[in-house]
Amino acid sequence: MPRNTDRTVSALIQRYFGEYPDEAARAMEQRPVREVVQLLEGQPAAIAGRVLQRLTPDLATEALASMSNEAFRELGQTLEPVRFASLMARMDQANREPRLALLDPGAAREI
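Oh and the sequence shown: position 41 is 51 in the numbering used here, straight run, nothing missing.
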């Protein structure tokens, strides 16, 4: 039964994120970064990207710096380039450079 419950909760979160990204972002603003990253990483990149773009710049930058390499790479492909560049510019260089190295070289140059 717990697996069905986990899948149900996951499906509800995905639907909420997909249909109400502004509200989802506002609700996540009150959560610790670790939890925000966990929630974002649990969603398809396109849906997570819509929510991440609506987070405050500070929280979005922290989330990008804290997520797994795979999630960062996938999410980076879904973000609006200007917003992504803005968030990456806010990141300290020690975190930014390794993150940029994860991207396609052409995309990294644009950012």
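Each residue gets a CB set at the ideal place from its N, CA and C atoms; glycine is no exception.
Residue i burial status per 10 Å Cβ neighbour count (16 or more: buried)
i	result
Gln103	exposed
Val46	buried
Val19	exposed
Val61	buried
Gly116	exposed
Glu107	exposed
Gln48	exposed
Which of helix, strand or coil DSSP assigns to residue i
i	result
Asp64	At residue 64 the sequence reads Arg, which differs from the Asp that was named. In this structure, Arg64 counts as coil in the three-state DSSP scheme.
Thr15	helix
Ala59	The residue you asked about is not Ala; residue 59 is Gly in the sequence shown. DSSP places Gly59 in helix when its eight states are reduced to three.
Tyr26	helix
Any chain B beta carbon closer than 7 Å to residue i
i	result
Ala95	Absence of chain B from the displayed structure is noted, only one protein chain being present.
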